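**Q** Structure in structure tokens, see below.
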Amino acid sequence: MKKIAERLEDFENQPGRLNLLPGIKYTRIIDDSYNSSPLAVKAALETLSQLKCAGNKFAVLGDMLELGDYTKKAHQEIGELVAKLAIDYLITVGERSHSTAESAKEFGMNPDRIFSFDNPENAGCFLQDRIAEGDLILVKGSAAMSMERITKEIMAEPQKANKLLVRQK
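Numbering of the sequence shown is given in the UniProt record's numbering, commencing with residue 1 and proceeding in unit increments.
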């Protein structure tokens with residue numbers, strides 16, 4: 001047991017895989033931007049819903065790609081789950097995620113708390129103004145959506161992005 005504990009002392013989680021990072025304005029970010037699938041998004045949303053925070057919970061979700069005929073239904077199921085878990089804000093990024101936003105509305109989420117963007121840069125700028133102290137922000141989407149750009153926009157120490165985030169040059 002001692003050897004296991006010693007090895008875990010040096011363990012570092014891989015970038016973009018459910019990492020908890022300090023955000024601007026004393027927020028916390030769950031950076032899960034490495035990639036996305038319906039099952040992975042559902043698990044990340046469950047994690048977000050179970051964590052305590054002093055402020056609001058934000059689900060910032062990009063398109064899930066390579067789902068074929070299941071694309072629309074998968075995004076709708078995610079919107080339903082966001083509403084059922086009573087996440088405070090839903091931010092979607094990408095064309096396919098419009099189905100997520102619409103589904104969340106259909107399942108009772110306040111439309112004034114749902115925002116959709118075409119790209120991560122606009123979503124990141126929006127979040128900089130919207131988030132406040134104590135908020136918890138989940139960032140997740142398929143690799144091609146470059147959701148790590150959002151994380152970089154709202155992380156407390158963007159100068160550490162090369163070490164903490166995926167796909168940094």
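For every residue, glycine included, the Cβ atom is placed at its ideal position computed from N, Cα and C.
Computed from a predicted structure; not experimentally measured.
Roughly how many angstroms separate the alpha carbons of residue 21 and residue 163, rounded to a whole number?
**A** Going by the C-alpha atoms only, they are around 12 Å apart.
**Q** Please tell me whether residue 139 and residue 119 are closer than 8 Å, where the distance is taken between their beta carbons.
**A** No.
**Q** Using the Cα positions of residue 142 and residue 4, report the straight-line distance between them to the nearest angstrom.
**A** Going by the C-alpha atoms only, they are around 33 Å apart.
**Q** Should the stretch 41-56 be regarded as contacting the stretch 149-166, the criterion being three or more beta carbon pairs within less than 8 Å?
**A** Segments in contact, no.
**Q** For residue 132, which residues from the same chain have a beta carbon less than 7 Å from its beta carbon, with the 5 sequence-adjacent residues on both sides left out?
**A** Correct list, in chain order: 25, 55.
**Q** Please say whether residue 144 and residue 61 have beta carbons closer to each other than 8 Å?
**A** Contact: no.
**Q** Exposed or buried, residue 81, counting other C-beta atoms within 10 Å across all chains shown (16 or more means buried)?
**A** By the 10 Å Cβ count, residue 81 comes out buried.
**Q** Quick test of your reading: residue 89 and residue 126, contact by CB under 8 Å. State the CB separation rounded to the nearest angstrom.
**A** In fact, because the Cβ distance is near 10 Å, the residues do not count as touching under 8 Å.
**Q** Cα separation between residue 113 and residue 168?
**A** Taking the straight line joining both Cα atoms gives about 31 Å.
**Q** Helix, strand or coil: how does DSSP classify residue 139 here?
**A** Residue 139 falls in the strand class under three-state DSSP.
**Q** The beta strand (DSSP E) with residue 21 in it runs from where to where?
**A** 19-23 is the extent of the beta strand (DSSP E) around residue 21.
**Q** Look at residue 104 and residue 83 and say whether their C-beta atoms are less than 8 Å apart.
**A** For residue 104 and residue 83, yes; Cβs fall inside 8 Å.
**Q** What are the complete beta strand (DSSP E) segments, minimum 3 residues, inside the UniProt domain "Mur ligase C-terminal" (16-142)?
**A** The qualifying runs are 19-23, 27-32, 57-62, 89-93, 114-117, 136-140.
**Q** Grab the span of the alpha helix (DSSP H) containing residue 162 for me, first residue to last.
**A** It spans 161-164 - the alpha helix (DSSP H) in which residue 162 sits, taken as one unbroken run.
**Q** In chain order, what residues of the same chain have a beta carbon less than 6 Å from the beta carbon of residue 32, not counting five sequence neighbours either side?
**A** So the list reads 18, 44, 140, once near-sequence residues are dropped.
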